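J.: Chains as they are written, first to last, in the numbering used here: chain R, 618 to 1123; chain Z, 537 to 625; chain F, 0 to 119.
Note that CB positions come from ideal geometry on N, CA and C, so glycine has one too.
Note that the structure is predicted; figures quoted are calculated from it, not measured.
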Amino acid sequence: MTMSTQKRKKRLNMKDKYKYMTRLGWETTYQDMDDVFPEDKFEGIKIHDWEAWEDPFRMTMDAYWKYQGEKDKKLYAIIDAFAQNNGQKNITDARYVSALKLFLTGVSPLEYQAHRGFANIARAFRGDGPRVACQMQAIDELRHVQTQVHTLSHYNKYFNGFSEWTHWHDNVWYLSVPKSFFDDARAAGPFEFIIAIGFSFEYVLTNLLFVPFMSGAAYNGDMATVTFGFSAQSDEARHMTLGLQAIKFLLEQDPDNVPIVQKWIDKWTWRGYKVLGLVSAMMDYMLPESPQSWKEAWELYFEQNTVALFKDLERYGITVPDCAATIKAEKEHISHQVWMTLYTHNAAAPFHTWIPDEKKMDWLSEKYPETFDKYYRPVYEHWNKLEKEGKRYYSEMLPQLCQTCQLPMLATEVEKGEPTQIAHRHTMYNGERFHFCSDHCKDIFEDEPEKFIQSWLPVHQIFQGNCGGATLPEVLKWYKVEFGQDNLDYVGSQDEKMWKEWKGEA
Amino acid sequence: MSKVFLALQAVDETRAIIEAIQEDNENVEVDPQPAMVKISAEKKMVINAQTVSEKLGREWDPQELQLVLISLAGNVDEDYDHFTIYWEN
Amino acid sequence: MAIQAKGEYPVIMMDSVDKFHGNQLVYVGWDKHKLINSAMAFPLPPAMPFKALVHEVMPSCYKDHPDFEKVVWDDSVIWRLNGEEFTPDFEKSLEDNGIDHKSLVRFETPNLTGINGVGM
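Following this line, the structure appears as structure tokens:
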């Protein structure tokens, strides 16, 4: 039977259906609109016509529930099958699981923050179009954290490093990097939030977060993560569209919005990139089978793909953020510098690190011809010697952290041609000195110092005595990190022992 | 010129969608990857619901694309009979 | 106030020196020795003699670098305090050397070139 002669059912056109079911806002008369919506003017953004907001997907609530429900049914069926078939035994190697530990502790809580943030701005905007779109996104993000927790709960049955993920996110040193990123966005006004998260994170940078984890999962036999990844990504298309719509809407409403939006794009591209430093180390070092290097991902998903996007935005006076040049300069260094830092401080971090094997080092040489053999292979060879002598290197020191991005100050003066010289910047505020890893982090601070002096810097908090004590065992206890189980090298870990038993290599 | 692209999950429906895209657009590049397929074209790509329906053997609504869509690049325009991505420059 | 906000935005100094139980924060960094990933942070008494910083505190951090035992603590070492070159008086205290709360002390050893001779 062919369909060619059958006409498709006639129906109310999508634009009208969306309008009648979703665009139900009105001008209040019992109360002043500014009292009903008190938070959408203080940022200086000017909106003259909220009716101009469009949703290209024209999502109505009936379609939303129908398709989201179907996605969930498919997803949970696969998760069940994965669990029933002991899918955790089919991954390439148990080292891979460190990537999942990083994901659950560092990314899933951000999905929850996104849920809260979009729910908040869904109330804050006086336009009904963005309010509905943000409500849907708020539910999507809650769905994401739920599906991630469900999926990774299966790994929690077998591996260390998952059980205290909420506590770790809120307290452990390296996780203050993603946490503070989102706290910054949540403490911003609704327009900054939607540009920071809806546009800069969910449009410009999204592929640099999700593709590495999801293709990493696909290449390493982790069907469960591939599944929740794709299921979440199907929502992301709507999120990307919301972000793009938001930025075009703001830029078209009033030319005075342009410099404010540009400032936010500059700030949030940089802040997003700094968080992605953790992803760069994950994709280059934690995946036994590596689909792509950080450098390749950046070249594809930013340098190539965003050219078209920023060309579209040029007409409004928007330019590619300045920091793009720094990120490009650093692309052959950042993943190695972050991995070295995680390796060094692994006694205090609840996942495993290790020296890359020969196969991985040869892959890294190939992907990073200008830098790996010159700067980083010699370091791993040095540490490998120590490990063979039974002196696997763990630093007992606490690093200086950047006041803005909260990463250890490990970035170097690559743009100045000095890739082994740590970049140091500082400024004074209210009689106190603040330190930064870069001009970009310093600029962000100086634009809103009152905000960033409030950074809860884990190292300073430890020294103030707010994290359980002055010694590593006391801090780990406060962190709820089990020494010798959650932390330290993969070699000699319980995860390794269990994996070897499964594979008959014990 | 700027490329638009779609990344779709490598499931049954996707085969019909890709065939429809290839039929209705010029110079479409199809790039299979683990568990997904990337489809790109210069500046604009149109998915006609009628074409997909014919290939699938049942009525297909463009909103169903959301079940298999992983990522996209471009502005979106959708109505009950088509799903289009495009750049304006 | 620089920040855009509704109403007044409080100024909260999270890391003021009074919060460190009589100590002050001092960061120490070794230029072009990137095996040590970053400058490290130490809570130290302001009255600590500079030589104690060099001979007691710094070894705990830098002993892991093969170059450290080769450092000769003479005027071949270039010191920087908060980005400006300075000549520390080893006998004087940190505070008398101008090293105050949240100061960054950097040292450079031009004759020692790190792992692989490239500054790692």
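Pull out every residue of the region 41-56 of chain F whose Cβ sits closer than 9 Å to any Cβ of chain R, in chain order.
T.: Flagged, chain order: 41, 42.
J.: Buried or exposed: which applies to residue 765/R, given that a residue is buried once 16 or more other Cβ atoms fall within 10 Å of its Cβ?
T.: The residue in question, residue 765/R, is buried, as its Cβ has 16 or more Cβ neighbours within 10 Å.
J.: Taking residue 976/R as the reference, which of 968/R, 970/R, 994/R has the closest Cα?
T.: For the residues 968/R, 970/R, 994/R, the minimum Cα distance to residue 976/R belongs to 994/R.
J.: Within 9 Å (strictly less), CB to CB, does residue 1052/R reach chain F?
T.: Yes, because at least one Cβ of chain F sits closer than 9 Å to the Cβ of residue 1052/R.
J.: To test your reading of the DSSP string, which unbroken beta strand (DSSP E) runs of 3 or more residues are found completely within the region 1039-1092 of chain R?
T.: Qualifying beta strand (DSSP E) stretches, in chain order: 1042-1046, 1049-1053.
J.: With a CB to CB cut of under 6 Å and the five nearest residues on each side skipped, what residues in its chain are close to residue 990/R?
T.: Counting only Cβ-Cβ distances below 6 Å, and skipping sequence neighbours, we find 982.
J.: If you compare alpha carbons, which of 858/R, 676/R, 706/R, 944/R is closest to residue 775/R?
T.: Residue 706/R is the option with its Cα nearest to residue 775/R.
J.: Just the Cα atoms here: how many angstroms apart are residue 958/R and residue 36/F?
T.: One C-alpha to the other measures close to 6 Å.
J.: I'd like the list of long-range same chain contacts for residue 720/R, defined as Cβ closer than 7 Å, with 5 residues on each side in sequence excluded.
T.: So the list reads 830, once near-sequence residues are dropped.
J.: Do you know how far the Cα of residue 908/R is from the Cα of residue 832/R?
T.: When rounded, the distance between both Cα atoms is 7 Å.
J.: Measuring straight from C-alpha to C-alpha, what distance separates residue 793/R and residue 618/Z?
T.: Straight-line Cα distance between these residues: approximately 44 Å.
J.: Any beta carbon from chain R within less than 9 Å of residue 11/F's own beta carbon?
T.: For residue 11/F, the answer is yes, since a Cβ of chain R falls inside 9 Å of its Cβ.
J.: Can you round the beta-carbon distance between residue 886/R and residue 940/R to whole angstroms, since I take them to be within the 8 Å contact cut?
T.: About 6 Å; that satisfies the 8 Å criterion.
J.: Does residue 581/Z come out as helix, strand or coil in the three-state DSSP assignment?
T.: In the structure shown, residue 581/Z sits in a strand (DSSP, three-state: E or B).
J.: Taking 8 Å as the limit between beta carbons, can you name the residues of its chain near residue 963/R, skipping five residues before and five after?
T.: Excluding residues within five positions, the ones whose Cβ falls inside 8 Å are 969, 970, 1011, 1104, 1105, 1106.
J.: Measure the C-alpha to C-alpha separation of residue 597/Z and residue 979/R and round it to an integer number of angstroms.
T.: Approximately 48 Å between the Cα atoms of the pair.
J.: Residue 58/F by DSSP, collapsed to three states: which one?
T.: DSSP places residue 58/F in helix when its eight states are reduced to three.
J.: Only counting the same chain, and skipping five residues up and downstream in sequence, which positions put a Cβ closer than 6 Å to that of residue 595/Z?
T.: Answer for residue 595/Z: 589, listed in chain order.
J.: Is any beta-carbon of chain Z found at less than 9 Å from that of residue 684/R?
T.: Taking Cβ atoms only, chain Z reaches closer than 9 Å to residue 684/R, which makes this a yes.
J.: Whole angstroms is fine: what's the gap from residue 902/R's alpha carbon to residue 713/R's?
T.: Approximately 9 Å between the Cα atoms of the pair.
J.: Below 8 Å on the Cβ atoms is my contact criterion, and I expect residue 803/R with residue 730/R to pass it. Report the Cβ-Cβ distance as a whole number of Å.
T.: Residue 803/R to residue 730/R, Cβ: 6 Å. Contact.
J.: Where DSSP assigns a beta bridge to residue 1029/R, which residues make up the other side?
T.: DSSP lists 1039/R as partners of residue 1029/R.
J.: Whose C-beta lies closer than 7 Å to the C-beta of residue 735/R among residues of the same chain, with five residues either side of it excluded?
T.: If we look at residue 735/R and ignore the five residues flanking it on each side, its Cβ neighbours are 751, 754, 755, 758.
J.: Check whether chain R comes within 9 Å of residue 611/Z, counting only Cβ atoms and requiring the distance to be less than that.
T.: By this cut-off, residue 611/Z is an interface position.
J.: From the DSSP secondary-structure annotation, give me the bridge partner or partners of residue 565/Z.
T.: DSSP output for residue 565/Z lists 576/Z as bridge partner(s).
J.: To test your reading of the DSSP string, which unbroken alpha helix (DSSP H) runs of 4 or more residues are found completely within the region 680-766 of chain R?
T.: As far as the region 680-766 of chain R is concerned, its whole alpha helix (DSSP H) runs of at least 4 residues are 714-723, 725-741.
J.: Within 9 Å (strictly less), CB to CB, does residue 572/Z reach chain R?
T.: With 9 Å as the cut-off, residue 572/Z counts as an interface residue toward chain R.
J.: How big is the Cα-Cα spacing for residue 622/R and residue 591/Z?
T.: Residue confidence is low: residue 622/R scores 48 on pLDDT, short of 50, so the model does not pin down where it sits. Its coordinate-derived value is still stated next. So the alpha carbons of these two residues sit roughly 13 Å apart.
J.: For residue 878/R, is the classification buried or exposed, using 16 other Cβ atoms within 10 angstroms of its Cβ as the cut-off for buried?
T.: Buried, since its Cβ has 16 or more Cβ neighbours within 10 Å.
J.: Would residue 820/R be called buried (16 or more neighbouring beta carbons within 10 Å of its own) or exposed?
T.: Burial call: buried.
J.: For residue 954/R, would you say it is in contact with chain Z, using Cβ-to-Cβ distances shorter than 9 Å as the test?
T.: Not an interface residue.
J.: Tell me which residues share the same chain as residue 576/Z and place their Cβ nearer than 7 Å to its Cβ, disregarding the 5 neighbours each side in the sequence.
T.: Excluding residues within five positions, the ones whose Cβ falls inside 7 Å are 539, 540, 541, 565.
J.: Quick one, are the C-beta atoms of residue 955/R and residue 898/R less than 9 Å apart?
T.: Yes, these two residues count as a Cβ contact at 9 Å.
J.: Using the beta-carbon count (16 or more within 10 Å), is residue 1059/R buried or exposed?
T.: The residue in question, residue 1059/R, is buried, as its Cβ has 16 or more Cβ neighbours within 10 Å.
J.: Report, in whole angstroms, the separation of the C-beta atoms of residue 812/R and residue 881/R, which I expect to be a contact under 8 Å.
T.: Right, their Cβ atoms sit about 4 Å apart.
J.: Quick check on residue 539/Z: does DSSP put it in helix, strand or coil?
T.: DSSP places residue 539/Z in strand when its eight states are reduced to three.
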